Amino acid sequence: MRFGRIAVLLAALLLVACASPEQRRAADLEALRARAQAFWAARMAGDVIKAYEYEKVKATGKASLSAYARKGGLVYKKAEVRRVEPKSDTVAIVKVYIEYLLPGMGQHLIKGEIDDRWEKLDGQWYHAPCSLLDRKRCTP
35 MRFGRIAVLL AALLLVACAS PEQRRAADLE ALRARAQAFW AARMAGDVIK AYEYEKVKAT
95 GKASLSAYAR KGGLVYKKAE VRRVEPKSDT VAIVKVYIEY LLPGMGQHLI KGEIDDRWEK
155 LDGQWYHAPC SLLDRKRCTP
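Just so we're aligned: the sequence shown equals residues 35 to 174 in our numbering.
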């Protein structure tokens, strides 16, 4: 029984190792798509703690959870990941259709597609939006 489990594990590792670069890249971008969908689901649910787990500032320690939560923001009503556009091995743009409300501005729904920037750090994709202060870093 134990030998069988080890054999299955070794077979799975062999399949991953034998995957072509294109297959590995496709799997990597699919992993990014899944993380982006989970991030936006957390944002729509208002789950700041869960959304923070996907943020580059959490991975790098540049912002605490309390600082992240204080930034507040928009009320998202819909977020749909439409496509992933790799810019390099470690940077990608995720095209997301969003619908949101601005707090204090009534119930006027704002709609549109955004370019949502993600970066890969230590083998994992993180939400890495650009601020006005770091646009140079974010210019392709």
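Beta carbons: idealized from backbone N, C-alpha and C, even for Gly.
From a predicted model like this one, the values you see are computed outputs, not experimental measurements.
Same chain, Cβ closer than 7 Å to Y110, neighbours up to 5 away in sequence not counted: Taking the sequence shown and counting its residues from 1, one reaches residue 110 at position 76. Answer for Y110: R77, M78, I132 and Y134, listed in chain order.
For Y160 and A101, believed in contact at Cβ under 8 Å, the rounded distance: Here residue 101 refers to the residue found at position 67 when the sequence shown is read from its first residue. Here residue 160 refers to the residue found at position 126 when the sequence shown is read from its first residue. About 16 Å separates the two Cβ atoms, so there is no contact after all.
Range of the contiguous beta strand (DSSP E) that encloses L155: For the purposes of this step, residue 155 is identified with residue 121 of the sequence shown, where counting begins at 1. Here the beta strand (DSSP E) through L155 covers I144 to L155.
Which residues DSSP lists as bridging Q158, in chain order: Looking up residue 158 in the sequence shown gives position 124. Note: Q158 sits in a beta bridge opposite L155.
Per-residue DSSP class, three states only, for Y131: Counting from 1 along the sequence shown, the entry for residue 131 is found at position 97. Annotated three-state conformation of Y131 is strand, per DSSP.
I127 versus H142 - alpha carbon distance: Along the sequence shown, one-based indexing puts residue 127 at 93. Along the sequence shown, one-based indexing puts residue 142 at 108. If I take the Cα positions, the gap works out to 27 Å.
C-alpha gap between L136 and Q57, whole angstroms: Here residue 136 is taken as the residue at index 102 of the sequence shown, counted from 1. Here residue 57 is taken as the residue at index 23 of the sequence shown, counted from 1. Approximately 41 Å, taken between the alpha carbons.
Whole-angstrom C-beta distance between W74 and A113, which should lie under 8 Å: Within the sequence shown, numbered from 1, the residue matching residue 113 stands at position 79. Within the sequence shown, numbered from 1, the residue matching residue 74 stands at position 40. Sure, about 4 Å apart at Cβ, within 8 Å.
Residue from S122, L108, W152 and L66 with nearest C-alpha to M139: Position 105 of the sequence shown holds residue 139. It is L108 whose Cα lies nearest to the Cα of M139.
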